[in-house]
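A.B. asks: In our numbering, the protein residues as written are 2 to 380.
The C-beta atom is built at its ideal place from N, Cα and C for all residues, glycine as well.
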Amino acid sequence: MDMSDPEATDWTTRAMPGVRRLVPYQPGKPVEQLERELGIRGAVKLASNENPLGASPAAVAAVHQAGAGLAEYPDGDSYGLRQALARRHGVDPMAVTVGNGSNDVLDLVGRAFLGPGREAVYSQYAFAVYPLVTQAVGATARVAPALAPDAAQPYGHDLEAMAAQITGRTHVVFIANPNNPTGTWVEAAALRRFLDALPAGVLCVVDEAYFEYVDEPDYPDTTQWLGRYPNLLVTRTFSKVYGLAGLRVGYGLMDPSVAELLNRVRQPFNVNSLAQAAALAGLDDTEHLRRSVELNRQGLRALEADLRERGMGFIPSVGNFLSVDTGREAGPVYEGLLREGVIVRPVGSYGLPGFLRVTVGTPAQNRRVVAALDKVLGL
2 MDMSDPEATD
12 WTTRAMPGVR
22 RLVPYQPGKP
32 VEQLERELGI
42 RGAVKLASNE
52 NPLGASPAAV
62 AAVHQAGAGL
72 AEYPDGDSYG
82 LRQALARRHG
92 VDPMAVTVGN
102 GSNDVLDLVG
112 RAFLGPGREA
122 VYSQYAFAVY
132 PLVTQAVGAT
142 ARVAPALAPD
152 AAQPYGHDLE
162 AMAAQITGRT
172 HVVFIANPNN
182 PTGTWVEAAA
192 LRRFLDALPA
202 GVLCVVDEAY
212 FEYVDEPDYP
222 DTTQWLGRYP
232 NLLVTRTFSK
242 VYGLAGLRVG
252 YGLMDPSVAE
262 LLNRVRQPFN
272 VNSLAQAAAL
282 AGLDDTEHLR
292 RSVELNRQGL
302 RALEADLRER
312 GMGFIPSVGN
322 FLSVDTGREA
332 GPVYEGLLRE
342 GVIVRPVGSY
352 GLPGFLRVTV
362 GTPAQNRRVV
372 AALDKVLGL
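Written as structure tokens, this is what we have:
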């Protein structure tokens with residue numbers, strides 16, 4: 002190799018085309034980083050939709066106990082956790098794939114079913130990992146226009162528009178229910194019609210990361226539909242209501258033949274032993290789950306009321322967050338909130354430049370973010 006040739010040492014030119022065009026996922030700014038940068042103390046983070054109550058005491062105790070085995074590799078098949086999840090959802094254990102967060106399962110879907118010459122369909126304003134997964138493997142994205150801002154589900158999934166994007170090259174459809182960052186959701190009847198019309202050879206991934214927070218009569222539990230739709234794959238996570246975001250553990254439920262293919266591309270030991278132990282313990286801590294859901298219900302209503310009182314718009318949400326319309330370019334508002342020690346999430350990268358996504362926190366945290374908005378916006 003001629004090292005004097007500029008292209009010979011430019012590794013970007015040697016990466017796969019999809020990777021060259023990728024923009025890395027940007028997580029919420031850590032509290033420690035903000036405090037270090039601004040020289041402040043006592044900052045709060047309401048940017049990453051984490052559970053403000055944290056993990057259940059049972060999960061924390063399980064982590065301490067599992068720590069004695071750190072010198073050993075974890076169960077590479079996550080046997081105990083898969084068995085527990087299978088019992089919880091009434092499926093064959095062979096229908097369960099456990100991942101390093103549900104994002105890992107989404108990535109496995111991309112690597113198993115997408116690639117050059119194949120297409121994935123998802124909605125405008127949908128979760129950022131869908132385009133990342135699609136582009137990384139060289140597949141083509143077909144993005145369906147979202148519902149209008151004045152629709153019943155503003156900026157939400159338009160299933161008819163998504164169906165219109167499906168071609169003979171479509172292999173995967175991603176549906177977030179509810180969706181991040183909009184908080185919008187798809188009703189059971191509409192989703193059933195979509196699945197009934199979907200070609201049998203197209204895999205439909207329904208991402209239910211925020212499932213436990215939803216309290217709507219027509220919101221579906223699609224894990225109950227797996228027997229009817231062999232091309233349905235449902236993802237769930239322990240990162241949100243279960244408070245285990247730092248351990249990275251999620252799972253997918255699907256036809257066993259699909260799970261077998263995902264396991265072919267799954268990394269060995271992809272879920273560590275502490276995560277497996279915590280997830281098992283957290284799964285049975287129904288009291289912590291109840292408290293977390295109730296705290297979110299009350300906090301979401303309180304935030305909505307505070308925003309309405311100030312004449313501020315927001316996208317109605319059934320998750321544990323609200324996307325707030327700042328009425329202007331949100332970047333400067335975000336920076337102003339950082340100076341007040343409040344970390345939220347700008348969503349301009351989703352095509353919503355005027356919005357900030359705010360996680361529902363404790364009552365004190367919610368009051369703090371509202372007070373910071375008052376100061377920054379001059380309300």
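Touching or not, the segment 62-69 and the segment 195-214, by the rule of three or more beta carbon pairs under 8 Å?
C.D. replies: Verdict: no, contact absent.
A.B. asks: Would you mind reading off the limits of the alpha helix (DSSP H) that contains D307?
C.D. replies: Stepping through the sequence shown from its first residue, residue 307 is reached at position 306. Its alpha helix (DSSP H) spans residues T287 to E310.
A.B. asks: Quick check: what's the CA-CA separation for L82 versus V370?
C.D. replies: In the sequence shown, the residue the question calls residue 82 occupies position 81. In the sequence shown, the residue the question calls residue 370 occupies position 369. Straight-line Cα distance between these residues: approximately 37 Å.
A.B. asks: Looking at C-alpha atoms only, which residue of L308, V215 and M255 is the closest neighbour of R229?
C.D. replies: Along the sequence shown, one-based indexing puts residue 229 at 228. Here the closest residue by C-alpha is M255.
A.B. asks: Under 8 Å, do L23 and Q136 count as touching if we go by C-beta distance?
C.D. replies: On the sequence shown, position 22 is the one that residue 23 refers to. On the sequence shown, position 135 is the one that residue 136 refers to. Cβ distance < 8 Å, so L23 and Q136 count as in contact.
A.B. asks: Per DSSP, what kind of secondary structure is G19 in: helix, strand or coil?
C.D. replies: Here residue 19 refers to the residue found at position 18 when the sequence shown is read from its first residue. If DSSP states are grouped into helix, strand and coil, G19 belongs with the helices.
A.B. asks: Apart from the five residues just before and just after V45, which ones in its own chain have a Cβ nearer than 8 Å to its Cβ?
C.D. replies: Locating residue 45 in the sequence shown gives position 44, counting from the first residue. Contacts found: V32, G342, V343, I344, G362, Q366, R369 and V370.
A.B. asks: Nearest CA to the CA of G100: which residue from L109, I316, S57 and P94?
C.D. replies: For the purposes of this step, residue 100 is taken as residue 99 along the sequence shown, with counting starting at 1. Residue L109 is the option with its Cα nearest to G100.
A.B. asks: Figure out for me which residue from F322, L301, Y252 and P257 has the closest Cα to the Cα of L284.
C.D. replies: The residue labelled residue 284 in the question sits at position 283 within the sequence shown. Of the listed residues, the one whose Cα sits closest to L284 is Y252.
A.B. asks: With DSSP as the reference, please indicate the residues paired to L204 in a beta bridge.
C.D. replies: Position 203 of the sequence shown, counting from 1, holds the residue named residue 204. Answer is V173, bridged to L204.
A.B. asks: If we call anything under 8 Å between Cβ atoms a contact, is A48 one with T360?
C.D. replies: Residue mapping note: residue 48 aligns to position 47 of the sequence shown, counting from 1. Residue mapping note: residue 360 aligns to position 359 of the sequence shown, counting from 1. Contact flag set, yes.
A.B. asks: Where does T223 fall in DSSP's three states?
C.D. replies: In the sequence shown, counting from the first residue as 1, residue 223 sits at position 222. Helix, per DSSP.
A.B. asks: Taking buried to mean at least 16 other C-beta atoms within 10 Å of its own C-beta, is L263 buried or exposed?
C.D. replies: As a position in the sequence shown, residue 263 is number 262, starting the count at 1. Under this definition L263 is a buried residue.
A.B. asks: Out of G102, N104, P132 and A149, which one is the CA nearest neighbour of G116?
C.D. replies: Your numbering for residue 116 matches position 115 in the sequence shown. Among G102, N104, P132 and A149, the Cα nearest to that of G116 belongs to P132.
A.B. asks: Quick check on the burial criterion: 16 or more other C-beta atoms within 10 angstroms. Buried or exposed for T14?
C.D. replies: Taking the sequence shown and counting its residues from 1, one reaches residue 14 at position 13. T14 should be labelled exposed.
A.B. asks: Assuming A145 is part of the beta strand (DSSP E), what are its boundary residues?
C.D. replies: Stepping through the sequence shown from its first residue, residue 145 is reached at position 144. Looking at the DSSP string, the run of the beta strand (DSSP E) that includes A145 is T141 to A145.
A.B. asks: Please go through the same chain and pick out, in chain order, the residues whose beta-carbon is closer than 7 Å to the beta-carbon of P347, but skip the five residues on each side of it.
C.D. replies: As a working mapping, residue 347 is identified with position 346 in the sequence shown. Cβ neighbours of P347 beyond the five flanking positions: A331, G332, Y335 and L357.
A.B. asks: In terms of alpha-carbon separation, which member of L339, P354, S258 and G349 lies closest to A372?
C.D. replies: Translated into the one-based positions of the sequence shown, residue 372 becomes position 371. The candidate whose alpha carbon is nearest that of A372 is L339.
A.B. asks: Suppose you measure from the CA of P354 to the CA of E217; what does that come to, to the nearest Å?
C.D. replies: Here residue 354 refers to the residue found at position 353 of the sequence shown. Here residue 217 refers to the residue found at position 216 of the sequence shown. About 29 Å.
A.B. asks: Starting from the C-beta of V203, find all residues in its chain whose C-beta is less than 8 Å away, skip the five residues before and the five after it, and write them out in chain order.
C.D. replies: Locating residue 203 in the sequence shown gives position 202, counting from the first residue. So the qualifying residues of the chain are I167, T171, H172, V173, V174 and N232.
A.B. asks: From which residue to which residue does the beta strand (DSSP E) around D326 run?
C.D. replies: Taking the first residue of the sequence shown as 1, we reach residue 326 at position 325. Counting along the chain, the beta strand (DSSP E) containing D326 begins and ends at F322 to D326.
A.B. asks: Could you check the C-alpha separation between A85 and M313 for me, to the nearest Å?
C.D. replies: In the sequence shown, counting from the first residue as 1, residue 85 sits at position 84. In the sequence shown, counting from the first residue as 1, residue 313 sits at position 312. A85 and M313: Cα-Cα distance of roughly 44 Å.
A.B. asks: Output the boundary residues of the beta strand (DSSP E) element that contains T428.
C.D. replies: As displayed, the chain neither begins before 2 nor continues past 380, which places residue 428 out of reach and without an answer.
A.B. asks: Throw me the rounded Cβ distance for the S318 and L290 pair, which I believe falls under 8 Å.
C.D. replies: Here residue 318 corresponds to residue number 317 of the sequence shown, with the count starting at 1. Here residue 290 corresponds to residue number 289 of the sequence shown, with the count starting at 1. With 8 Å as the limit, S318 and L290 do not qualify as a contact, their Cβ atoms being about 19 Å apart.
A.B. asks: With a threshold of 16 other CB atoms inside 10 Å of the CB of D222, please say whether the residue is buried or exposed.
C.D. replies: In the sequence shown, counting from the first residue as 1, residue 222 sits at position 221. So D222 counts as exposed.
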